[in-house]
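> Offset between the sequence shown (1-based) and this note's numbering: plus 466. Backbone N, C-alpha and C define an ideal beta-carbon position, used for all residues, glycine too.
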Amino acid sequence: MGLLGFTSCQSRVENPPVEIEINQGWEFSKAGSNSWMPANVPGTIHSDLLANDKIEDPHYRMNENDVQWIEDEDWVYRTSFEVEKNLLLASDVIELQFEGLDTYADVYLNDEKILEADNMFVGYDLDVKKYLVEGTNHLRVYFHSPVAKGMEKLNQLDYTIPAINEQAPEGERTNVFTRKAPFHYGWDWGPRLVTSGIWRPVTLVAWNKAIIDDVYVVTEEVSDNVAKLSGTVTLEAEKAGEYHLSLSIDENSTVIEKTVNLDAGTNNVSFEFEIQNPQLWWSNGLGEPYLYDFNFALSSKNQVLDYHHLNYGVRTLRLVQEPDEVGHSFYFELNGVPVFMKGANIIPPETLTPVADKARYDRLIGNAVAANMNMVRIWGGAIYGEDYLYDLCDRNGILVWQDFMFACALQPGDEAHLENIRKEAEFNVKRLRNHPSLALWCGNNENYHGWHEWGWSEMYDPDVKEFVWNTYKTIFNEILPDAVSEFDPKTTYWPSSPLAFDGTKADRKSGDEHDWTIWFGQKPFAAYGEDLPRFVSEYGLQSFPSIHTIESFTEEGDRDWDTEVMRHRQRGKMPYVRPDFDGNDMIRWYMDQYYNIPGDFGDFVYVSQLLQAKAYKMALEAHRRNMPHTMGSLYWQLNDSWPTISWSTVDYYGRWKAAHYAVRDANEAIIVAPVEEEGRFKVYAVNDLLSEVNGELSVRVMDFSGNEIYNEIADVTAAGNSSGLVFNENIEDMVGEADSRELVFVIEFVSGGQVVADNLYYLHRPKELKLPEAEVELSARKTEKGYQLTLSSDVLAGNVFLDTPDGNGFFTDNFFDLLPGESVVVELETSETLDPEKDISILTLNKVQ
């Protein structure tokens, strides 16, 4: 490793900034009541009221309705903290740093107003030394009702700004006037819990002379032998003079320093260096996401004043949009390699966002990694993620499609609002730009689409229409791209999702697409393989969560698809189908197309998950077998923010639905993807690895009792980073006189004596299959992590579903088809003591169809 452009360092004395977290002793009260209760910081008003037994759990039944009064009130938080005389005397600057205030907040320090905050998405650094006193200091934050503030702004307009997902009457939708998480106002998968509170940490920071305010590092170019990097360190100096800036990498013994002369105020220092024989950062599945340990230090007269640590991934990444025979490509090229993006959209794991701890984010990204994903989309109707979320993506090779926080709504165009957006964009671009996981900045979610397809452009008189559209262009074609260009020029800006190459409506020939022809459009699942987009950034189909999750928020009488509570929990409304039609009805409609609808609710929940799994499997296989035309598949959505019925593949409590197992398998590095086309059975070998894989393809057809009626083995090659047709046969020749409703096609790709990919295929929808009665036999042995289960059946057992009495524990495989005469080994990871033969329930499609 070599570094250029610095001089050697000498021994130094440590004198870095002093940081004091102000997270203890907080209490809160409804404004004017003077009734104080303990509060958690970071936190929200809803979680604090719940902790003090002032409200019932809004997740339970319809309790959400009973807490709507909270959003209309003002709330006050306060605490006291001690400041020693030495800190006051010895520090040139003392700052009070708020990482996040939600949202309209007046901050008082020792009864002096020091801040009027109005944006949830930015942090505030306040020089407070002159307000501090020796001993006890008093900090108070007054939160104004975001709904009342928004209503004041709404009433100043004589036209409507659409905000279609807010759960409020059209004339009372206020979220667009406030820079706050839109989903707090309700969405088609989440509750309305309009929060207030100190949602990110508060810290008192004292420093001397100068500090490192920010660092930006760019990988300019990479070869096998050398990586060339450049960047800028932003230094804030209280005192002008000569300073020393150093950089060390991976605790290398060679530490390098650069002498800089700083003026009082903000200073930018540029640098360049090289890393010999660099280790690159790769996405999940292609290699190690290697992170270098960059340590910057600022010193003066051999006294270290500040450090800045950065985990940095050396990589190149670009969005490639080149003309081709269809339109324009749309794919990400990582370290010179085109990469098919496999992943999902994610939302915060809690509606009350600060409640989500690191363990919840570990689980979220862990589930993405376990499902062989390499990208997540942080969707624009929620929050810019926690630092820890991006750290996890960095460490696990998960690229991030990052939306700015605008979704399914237009924006007011007054200059104060636009300036607020400018500050928000600068703050978050600078905060996130060094993460190697950051792949794309996207201006908004579906706003452009809404203007052209949802009738928004027809809502206004001509003069208002021009102003509203110009506001859109100002935000998404000027303010946001300017922020990216100035502060993160290495990363692509994409104005809206979905969008075509030339900034027009999504056309499936270029750009990205939200493919809702299935679900909202009621097309069959086979449509995923027709008229394919270049990059699919949303698609999906709903299911019910685990019956155990349903039990957590219901009473026994609530547990059916059409009860009041279950309708309340379902937020996807589709009155265009018919009045009062919602997602529960759509699940039943699709279920009726593919399965027999069970009468038992537990069976209904199970089949709803099979339905979703079937849709996602067919979508992913269609997208992947059509690479490089299609180069991305991000379904909606990976997770939930409360226990509900939704498009998620993992429910609120972390229980995998059937679809998450299906997604995991369809995302394997190598898959065999079968499809029927014009009476022929075709198999595509899809290989995401960068080198070819040679082996034998076995295609068998057997009946449900295990009798084999067709068997073909051929030598095949799965070329690296590609999809190719490896089998093509007339179906009639394969099936002969057999009843096709009793047949399963078994495909295996064997290389080096190992099955590297396999798949099953049926010629008919599940409701048309003649499934026999099946008894699955189970044997078990204790293991260090739980139990090893061996399952077998004399006949085909469809979609074998294993469950524990409380729904806890994790099965390494589930909802799988068990072929006749073969056994499957599944690990159950659990800390509980079970009698597996008695305690593990087994449900099959054979029993419910």
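Could you give the DSSP three-state label for Pro1041: helix, strand or coil?
Looking at Pro1041 - three-state DSSP - the assignment turns out to be coil, as it is neither helix nor strand.
> Extract the residue ranges of the alpha helix (DSSP H) inside the segment 1103 to 1169, only unbroken runs of 4 or more that lie entirely within it.
Listed in chain order, the complete alpha helix (DSSP H) runs (minimum 4 residues) inside the segment 1103 to 1169 are 1124 to 1132.
> Apart from the five residues just before and just after Ser1157, which ones in its own chain have a Cβ nearer than 6 Å to its Cβ?
Excluding residues within five positions, the ones whose Cβ falls inside 6 Å are Gly1186.
> If I measure Cβ to Cβ from Glu708 and keep anything under 6 Å in the same chain, skipping five residues before and after, which residues do I get?
Taken in chain order, the residues that qualify are Asn727.
> Within the segment 777 to 815, note down every full beta strand (DSSP E) run reaching 3 residues or more, in order along the chain.
Counting only runs of 3 or more, we get 783 to 786, 797 to 800, 803 to 805 and 807 to 812.
> Just to confirm, are Ser662 and Ile511 a CB contact at a threshold of 7 Å?
In contact: Ser662 and Ile511 (Cβ atoms closer than 7 Å).
> Give the DSSP-derived three-state secondary structure of Tyr773 in the structure shown.
Tyr773 falls in the strand class under three-state DSSP.
> Roughly how many angstroms lie between the CA atoms of Ser1099 and Lys705, to the nearest whole one?
Looking at the two C-alpha atoms, the distance is approximately 52 Å.
> Could you check how far apart the C-beta atoms of Ile1335 and Glu1162 are, in whole angstroms? I think they sit under 8 Å.
No answer is possible for residue 1335: it lies beyond the span of the chain, which begins at 467 and ends at 1315.
> Do you know offhand how far Ala949's Cα is from Ala891's?
Those two C-alpha atoms are separated by around 6 Å.
> Using only alpha-carbon positions, find the residue among Ile521, Val533 and Ala571 that is nearest to Tyr1318.
As shown, the chain starts at 467 and ends at 1315. That puts residue 1318 outside it, with no answer to give.
> Under DSSP, the alpha helix (DSSP H) around Thr937 begins and ends at which residues?
Pro928 to Thr940 is the span of the alpha helix (DSSP H), which, as asked, contains Thr937.
> Where does the unbroken beta strand (DSSP E) through Val1002 begin, and where does it stop?
Val1002 to Glu1004 is the span of the beta strand (DSSP E), which, as asked, contains Val1002.
> Taking contact to mean at least 3 C-beta pairs separated by less than 8 Å, is the segment 681 to 696 in contact with the segment 571 to 585?
The segment 681 to 696 vs the segment 571 to 585: no contact.
> Looking at the structure shown, is Gln742 part of a helix, part of a strand, or coil, going by DSSP?
It is a strand residue.
> Which residues bound the beta strand (DSSP E) around Asp591?
Tyr590 to Asp593 is the extent of the beta strand (DSSP E) around Asp591.
> Under a Cβ-count criterion, where at least 16 other Cβ atoms within 10 Å of its own Cβ denotes burial, should Glu996 be classed as buried or exposed?
Exposed: under 16 other Cβ atoms inside 10 Å.
> Over the uninterrupted alpha helix (DSSP H) stretch that includes Ala517, give me the two end residues.
Where Ala517 is concerned, the enclosing alpha helix (DSSP H) stretches over Ile511 to Ala517.
> Can you grab the Cα-Cα spacing for the pair Glu1195 / Val1212, in whole Å?
For Glu1195 and Val1212, the distance between alpha carbons rounds to 14 Å.
> Between the segment 1003 to 1021 and the segment 978 to 995, are three or more C-beta pairs nearer than 8 Å?
Verdict: yes, contact present.
> Count the other CB atoms within 10 Å of the CB of Thr1210; is the residue buried (16 or more) or exposed (fewer)?
Residue identity differs from the one stated: residue 1210 is Val in this sequence, not Thr. It is buried - the Cβ of Val1210 has at least 16 other Cβ atoms within 10 Å.
> Going by CA-CA distance only, name the one from Pro1271, Val1290, Pro1286 and Leu1285 that's closest to Ser1307.
Of the candidates Pro1271, Val1290, Pro1286 and Leu1285, the one whose C-alpha sits nearest the C-alpha of Ser1307 is Pro1271.
> Could you give the DSSP three-state label for Phe1047: helix, strand or coil?
Here Phe1047 sits in coil by DSSP.
> Specify whether the segment 533 to 543 and the segment 572 to 590 touch according to this definition: at least 3 beta carbon pairs, one from each stretch, less than 8 Å apart.
As far as the Cβ criterion goes, the segment 533 to 543 does not touch the segment 572 to 590, which means the pair count is below three.
> Pull up the CB-CB distance for Ala848 and Phe649, whole angstroms please, since I reckon it's below 8 Å.
5 Å between Cβ atoms; contact.
> Here's the rule I'm using: 16 or more other beta-carbon atoms within 10 Å means buried, otherwise exposed. How should Ser557 be labelled?
Result: buried.
> Using 8 Å as the Cβ pair cut-off and three pairs as the minimum, do the segment 901 to 917 and the segment 856 to 875 touch?
Judged by Cβ distances under 8 Å, the segment 901 to 917 makes contact with the segment 856 to 875, as three or more pairs qualify.
> Give me the DSSP bridge partner(s) of Val607.
Paired residue(s): Tyr543 and Val573.
> Going straight from the alpha carbon of Pro612 to that of Arg899, what length do you get?
Looking at the two C-alpha atoms, the distance is approximately 30 Å.
> Taking the beta carbon of Thr819 as the centre, do at least 16 other beta carbons fall within 10 Å, making it buried, or is it exposed?
Looking at its Cβ environment, which holds 16 or more other Cβ atoms inside 10 Å, Thr819 is buried.
> Which term fits Gln476, buried or exposed, when burial requires 16 or more other beta carbons within 10 angstroms of its beta carbon?
Bear in mind that the predicted position of Gln476 carries a pLDDT of just 47, short of 50, making it too unreliable to give a figure here.
> What residue does the alpha helix (DSSP H) around Trp917 start on, and which one ends it?
That run of the alpha helix (DSSP H) goes Asn913 to Glu919.
> In its own chain, which residues sit with a C-beta less than 7 Å from the C-beta of Pro657, not counting the 5 before and 5 after it?
Only Pro524, Glu530, Thr817 and Trp1108 meet the Cβ criterion.
> As a quick exercise: from Asp828, Leu746 and Ile1136, pick the residue whose alpha carbon is nearest that of Val1222.
That would be Ile1136, whose Cα lies nearest to the Cα of Val1222.
> Of all the beta strand (DSSP E) runs that stay within the bounds of the segment 1215 to 1253, which reach a length of 3 or more residues?
The qualifying runs are 1220 to 1227 and 1243 to 1248.
> Roughly how many whole angstroms lie between the Cα atoms of Val721 and Leu711?
Caution is warranted here: a pLDDT of 46 is assigned to Val721, below 50, making its placement in the model unreliable, and the coordinate value is therefore given only provisionally. Their backbone Cα atoms lie some 11 Å apart in a straight line.
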